[in-house]
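Numbering (the working numbering), first residue to last: 20 to 335.
Beta carbons: idealized from backbone N, C-alpha and C, even for Gly.
Encoded as structure tokens, the structure appears first; notes follow it.
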């Protein structure tokens with residue numbers, strides 16, 4: 020096979036969430052794929068995606084894995100600090116990845132960031148994302164940066180776990196009045212945007228786009244839409260932020276997970292999950308939720324199981 024359809028692209032985390040959506044889109048376009056992953060053992064049996072370890076300490080290995088790549092689609096980040104990995108460590112790891120891409124001659128990088136990053140942000144997540152964007156621009160590799168706020172669709176954690184709670188608790192607490200806005204994008208819309216940007220011309224100036232859907236909802240409106248979709252009778256009540264965080268810590272201990280961090284709540288309450296940009300997606304959150312209420316929240320999606328704990332052993 021020759022031509023663009025035969026090009027090799029690399030996706031970090033192609034068996035995870037946004038990375039999996041990007042991989043599906045690329046495979047549909049006939050591209051050859053390789054993934055760099057911190058969990059090679061989680062590769063599905065019989066996958067036709069090449070698998071290499073995402074080992075940030077092995078500069079030579081990363082470079083070799085990326086050699087011959089047209090576009091690197093990077094979804095690597097950490098949602099919250101755990102153990103020795105915090106946001107500054109994630110910044111250093113991202114630098115190692117981008118340096119390897121530059122050495123390997125990667126032609127283009129599409130990087131998934133966050134809405135409203137800032138080098139002077141009060142929140143390590145948003146500050147770290149801004150640092151990574153700056154590092155990427157300094158590599159000189161042509162790049163595009165997409166900035167989603169939250170993702171929904173597929174096997175995402177946030178909306179599913181809101182639905183899971185609404186199915187099981189008599190009272191659902193939201194922080195403050197819940198009038199802070201959230202501009203989500205469907206994970207498939209994000210994937211289509213990333214692949215389009217990966218195929219664009221190799222401009223030297225980074226292309227930066229807020230990856231947002233057609234609806235800006237208040238958090239209360241988002242919860243109400245999920246509640247209606249799953250047929251919940253839970254009473255939605257407003258509580259002070261510190262009370263919400265205390266409740267979240269107690270539930271997290273029971274579930275052996277991290278439901279919500281202080282920074283996540285306060286950043287959302289500060290409006291950092293919203294954007295005034297033109298829509299880059301087509302799927303409206305309320306339409307999607309209404310059409311998927313029967314399956315949402317049937318099982319709990321554990322963030323720590325997905326990203327930090329060893330995968331269950333396969334049985335024959």
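When you compare only the Cα positions, how much space is there between residue i and residue j?
i, j, result
"residue 213", "residue 41", "7 Å"
"residue 112", "residue 189", "43 Å"
"residue 176", "residue 224", "34 Å"
"residue 27", "residue 123", "13 Å"
"residue 324", "residue 150", "28 Å"
"residue 317", "residue 260", "27 Å"
"residue 335", "residue 60", "Caution applies to residue 335, whose pLDDT of 41 falls short of 50 and renders its modelled position unreliable; the value that the coordinates give is listed next. For residue 335 and residue 60, the distance between alpha carbons rounds to 15 Å."
"residue 173", "residue 187", "21 Å"
"residue 185", "residue 231", "25 Å"
"residue 364", "residue 78", "The chain is shown from 20 up to 335; residue 364 falls before or after that span and cannot be answered."
"residue 380", "residue 119", "Nothing in the structure corresponds to residue 380, since the chain is present only between 20 and 335."
"residue 263", "residue 154", "36 Å"
"residue 267", "residue 276", "10 Å"
"residue 53", "residue 129", "15 Å"
"residue 159", "residue 84", "20 Å"
"residue 144", "residue 90", "25 Å"
"residue 102", "residue 310", "39 Å"
"residue 75", "residue 86", "16 Å"
"residue 148", "residue 67", "31 Å"
"residue 38", "residue 210", "8 Å"
"residue 23", "residue 326", "Confidence in residue 23 is poor, its pLDDT being 47 and thus under 50, which makes the residue's placement too unreliable to answer from."
"residue 107", "residue 269", "27 Å"
"residue 183", "residue 253", "11 Å"
"residue 97", "residue 227", "21 Å"
Where does residue i land, buried or exposed, given buried means 16+ other C-beta within 10 angstroms?
i, result
"residue 249", "buried"
"residue 413", "Summary: the structure shown does not reach residue 413, with the chain confined to residues 20 through 335, and so no result is reported for it."
"residue 110", "buried"
"residue 297", "exposed"
"residue 291", "buried"
"residue 301", "exposed"
"residue 136", "buried"
"residue 138", "exposed"
"residue 63", "exposed"
"residue 49", "exposed"
"residue 313", "exposed"
"residue 29", "buried"
"residue 234", "buried"
"residue 168", "buried"
Which of helix, strand or coil does DSSP assign to residue i?
i, result
"residue 235", "coil"
"residue 93", "strand"
"residue 67", "coil"
"residue 61", "helix"
"residue 325", "helix"
"residue 257", "strand"
"residue 30", "strand"
"residue 72", "strand"
"residue 300", "coil"
"residue 138", "coil"
"residue 20", "At residue 20 the pLDDT is 42, less than 50, meaning the model places this residue with poor confidence; the figure from the coordinates comes in the next sentence. Three-state result, residue 20: coil."
"residue 227", "strand"
"residue 270", "helix"
"residue 56", "strand"
"residue 104", "strand"
"residue 196", "coil"
"residue 130", "strand"
"residue 181", "helix"
"residue 51", "strand"
"residue 163", "strand"
"residue 171", "strand"
"residue 151", "helix"
"residue 201", "strand"
Take residue i as the anchor and find which of the options has the nearest alpha-carbon.
i, options, result
"residue 142", "99, 301 and 225", "99"
"residue 242", "233, 234, 255 and 235", "255"
"residue 208", "35, 44, 34 and 31", "44"
"residue 71", "80, 262, 198 and 307", "80"
"residue 170", "57, 313, 299 and 30", "299"
"residue 133", "83, 229, 211 and 114", "229"
"residue 279", "235, 206 and 178", "178"
"residue 15", "326, 93, 215 and 102", "For residue 15 there is no data in the structure shown, the boundaries of the chain being 20 and 335."
"residue 217", "193, 227 and 162", "162"
"residue 198", "287, 273 and 303", "287"
"residue 251", "62, 64, 82 and 191", "191"
"residue 273", "235, 315, 321 and 35", "321"
"residue 181", "247, 285 and 289", "247"
"residue 69", "306, 97 and 34", "34"
Under 8 Å from any heavy atom of the ligand SAH, does the C-beta of residue i make it?
i, result
"residue 163", "The ligand SAH is not part of this structure, which contains no ligands at all."
Just confirm the distance between the C-beta atoms of residue i and residue j, as a whole number of angstroms; I'd bet it's less than 8 Å.
i, j, result
"residue 293", "residue 200", "4 Å"
"residue 193", "residue 238", "6 Å"
"residue 308", "residue 245", "6 Å"
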